[in-house]
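Just below is one structure, and these are the notes that go with it.
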Amino acid sequence: MDTILTTHPSMVDALDLISEAAGRYSDSRNLALHHAELLVECGNYTAGLAACERFLVRFAANDRIIELGLALRQRLGKHEQSIGSLSSVSLCMIVKNEECYLARCLASVKPVVDEMIVVDTGSEDRTVAIATIFGAAVYPFVWNGSFSDARNHALGRARGAWILTMDADERIAVQDQAAFREMVRSSSPDKDAWSVPIRNYSQRIHIQGWQANDGTYPEEEQADGWYPAERVRVFPRDARIRFEGVVHELVEPSLRRFGFALRTAPIVAHHYGEVEGLPANLLEKQQRYFELGKQKLAERPDDLVALAELAVQAGELGLFDEALGLWDRLLAVRPDTVEALFGQGHALINLKRYAEALEISRRVLQLDPGHREAAFNYGTCELYVGDPACALPVIERLLQQDDRHPLLLALMTMVCLAVGKNNQAIKAYTSLTEMNYAIRTYLRDRTATLEAVGRSELVHIIAANAERIGICENMA
Numbered sequence: 000m001d002t003i004l005t006t007h008p009s010m011v012d013a014l015d016l017i018s019e020a021a022g023r024y025s026d027s028r029n030l031a032l033h034h035a036e037l038l039v040e041c042g043n044y045t046a047g048l049a050a051c052e053r054f055l056v057r058f059a060a061n062d063r064i065i066e067l068g069l070a071l072r073q074r075l076g077k078h079e080q081s082i083g084s085l086s087s088v089s090l091c092m093i094v095k096n097e098e099c100y101l102a103r104c105l106a107s108v109k110p111v112v113d114e115m116i117v118v119d120t121g122s123e124d125r126t127v128a129i130a131t132i133f134g135a136a137v138y139p140f141v142w143n144g145s146f147s148d149a150r151n152h153a154l155g156r157a158r159g160a161w162i163l164t165m166d167a168d169e170r171i172a173v174q175d176q177a178a179f180r181e182m183v184r185s186s187s188p189d190k191d192a193w194s195v196p197i198r199n200y201s202q203r204i205h206i207q208g209w210q211a212n213d214g215t216y217p218e219e220e221q222a223d224g225w226y227p228a229e230r231v232r233v234f235p236r237d238a239r240i241r242f243e244g245v246v247h248e249l250v251e252p253s254l255r256r257f258g259f260a261l262r263t264a265p266i267v268a269h270h271y272g273e274v275e276g277l278p279a280n281l282l283e284k285q286q287r288y289f290e291l292g293k294q295k296l297a298e299r300p301d302d303l304v305a306l307a308e309l310a311v312q313a314g315e316l317g318l319f320d321e322a323l324g325l326w327d328r329l330l331a332v333r334p335d336t337v338e339a340l341f342g343q344g345h346a347l348i349n350l351k352r353y354a355e356a357l358e359i360s361r362r363v364l365q366l367d368p369g370h371r372e373a374a375f376n377y378g379t380c381e382l383y384v385g386d387p388a389c390a391l392p393v394i395e396r397l398l399q400q401d402d403r404h405p406l407l408l409a410l411m412t413m414v415c416l417a418v419g420k421n422n423q424a425i426k427a428y429t430s431l432t433e434m435n436y437a438i439r440t441y442l443r444d445r446t447a448t449l450e451a452v453g454r455s456e457l458v459h460i461i462a463a464n465a466e467r468i469g470i471c472e473n474m475a
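Its first residue numbered 0, the sequence shown is counted upward by one per residue in numbering that gives the first Met the number 0.
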């Protein structure tokens, strides 16, 4: 930077040069930092603050950008727009140690909200500083074990006509901003609340409801795909509307109690908790939720929702024996609950109890014939301990509904090799290679499991058929 200023005595010339270079080399954190600093030296405080925010979205925070951003925000004030209007929106968040996510979240929603309320429950990183730089009003909250209490603390600070709640590892796409504004503008604060579809990006393609990315949100899509969820995230600011529940806090009960209509929003929230950040941080958060969930269930042992939530959390932590016991408790009360049966089967597979998992997966398909993940589990277990030919009609039927489902195509490849339907095997295999799916790894892993369960004869059949169609080398 000193060299540039020496060569170009004019500050404006230097700024033009740095601006052009920063735009051309957008991956250079040094250029981005110098650009922000030079904007401030030139007196362009608003542009300098915007450059600090862009830096935090693009790169990891450092002390220089934090110090500069905080000084500029103190000079320019908080992010506040038309708070008094009937369509004004207050973002309400709770955070703790979200340095790696928060900037991207706030940048994605800032254009559609009129104020940002961030309640911090004890961060030890730069979370509070980042929220402040983006113009949020930050309030400390002494953690008492209740997520609802923390969220309600944020609601109590809001002044907008509408509330938007987000988690730090979520974002809203630029292409949905206009739809968000129109949704709020056309809503009735006396009767409307909006449930927002959520795309949870994940490499766990075996999870229920997983779908491959299709390019609908090209800037937001990560991993190979996502699984869906839906939560009420937009609702009127009303003293009667508050979150309930210690762990999985929900605003829906109070909305229903006071007669608000829950409508599906025309936007999507993109969730990156599984694909960004440090794995250790994700594990810590999962363990914290699990311990709180156990506390909640101990206090309310007959709460079936809490029981199901805890079973899911146990499975995510790899505690499959514990997950199985929790699913068994739920099924003792509700024996035909598809979610519980599927969870039970998933736990049994991970415990290598394939014969039991086969029967459970068959039962899930009797209750829900379109359950793709249960079909995958069923076919896998037929391969390991049953008759692979029995799985073929089930796989074919579901692939007629979605011929690009990677798990079913992978299973189709393996089952067809096992039963000698080589033309179908090569067709499925080719589809997967075109999708860049790791079919080689899948075939190798399934073959190893077949050997482990004593099906060496079937392994030889699969290998021979694979050699006939020219994919033998991919199984080595």
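For every residue, glycine included, the Cβ atom is placed at its ideal position computed from N, Cα and C.
These figures come from a predicted structure and were not determined experimentally.
- Distance check between T440 and each of K420, Q423, S455 and I470 places I470 closest, using alpha-carbon atoms only.
- When only Cα atoms are considered, L408 and V414 end up about 10 Å apart.
- Annotation: R230 to I425 spans about 41 Å, alpha carbon to alpha carbon.
- Under the DSSP assignment, E114 falls in the beta strand (DSSP E) whose first and last residues are E114 to D119.
- The beta carbon of G419 lies closer than 8 Å to those of I460 and N464 in the same chain, with the five residues before and after it left out.
- E450 and Q285 have their alpha carbons spaced roughly 34 Å apart.
- Pairing V274 with V233 gives a Cβ-Cβ distance that is not under 9 Å.
- With fewer than 16 other Cβ atoms from the protein chains shown falling within 10 Å of its own Cβ, M434 counts as exposed.
- Inter-residue distance for G272 and A167 is about 9 Å (C-alpha atoms, whole angstroms).
- Between the alpha carbons of P110 and Q176 lies a distance of about 8 Å.
- Annotation note: the stretch 29 to 76 contains the following uninterrupted alpha helix (DSSP H) runs of length 4 or greater, listed N- to C-terminal: 44 to 57 and 62 to 75.
- By the C-beta density criterion, F257 is exposed, having fewer than 16 other C-beta atoms within 10 angstroms.
- In the three-state scheme derived from DSSP, where H, G and I count as helix and E and B as strand, Q207 is classed as coil.
- The beta carbon of R150 sits closer than 6 Å to the beta carbons of I93, F242 and E248 from its chain, once the five residues preceding and following it are set aside; these are given in chain order.
- Relative to E123, the option among V458, E98, D189 and S360 whose CA is nearest is E98.
- Following the DSSP letters along the chain, one finds Y200 inside the beta strand (DSSP E) bounded by residues D191 to S201.
- The C-beta of G121 has fewer than 16 other C-beta atoms within 10 Å across all chains shown, which makes the residue exposed.
- DSSP, read as helix, strand or coil, puts R184 in helix.
- Under the three-state reduction of DSSP output, P139 falls in the strand class.
- Annotation: Y383 to Y428 spans about 20 Å, alpha carbon to alpha carbon.
- Burial is judged here by how many other beta carbons sit within 10 angstroms of a residue's own beta carbon; L282 has fewer than 16 and is exposed.
- The residue from Y216, L457, I129 and R180 with its alpha-carbon nearest to that of G385 is L457.
- Contact between A346 and L323 holds: CB atoms are separated by about 4 Å, below the 8 Å threshold.
- Between R57 and the set R255, S89 and R103, the nearest pair of CA atoms involves R103.
- Straight across, the Cα-Cα distance linking E315 with I171 is about 26 Å.
- From the listed residues R125, V117, I266 and W142, the smallest Cα separation to G134 is found for V117.
- The three-state reading of DSSP puts R170 in strand, counting E and B together.
- For P252, the uninterrupted alpha helix (DSSP H) segment begins and ends at E251 to R256.
- The closest CA to that of F140, considering only A264, I132, A153 and T215, is found on A153.
- As the crow flies, the alpha-carbon of P334 is around 19 Å from that of Q207.
- A160 carries a coil assignment under DSSP once its states are collapsed to helix, strand and coil.
- With contact defined as three or more Cβ pairs closer than 8 Å, the stretch 288 to 301 and the stretch 214 to 230 are not in contact.
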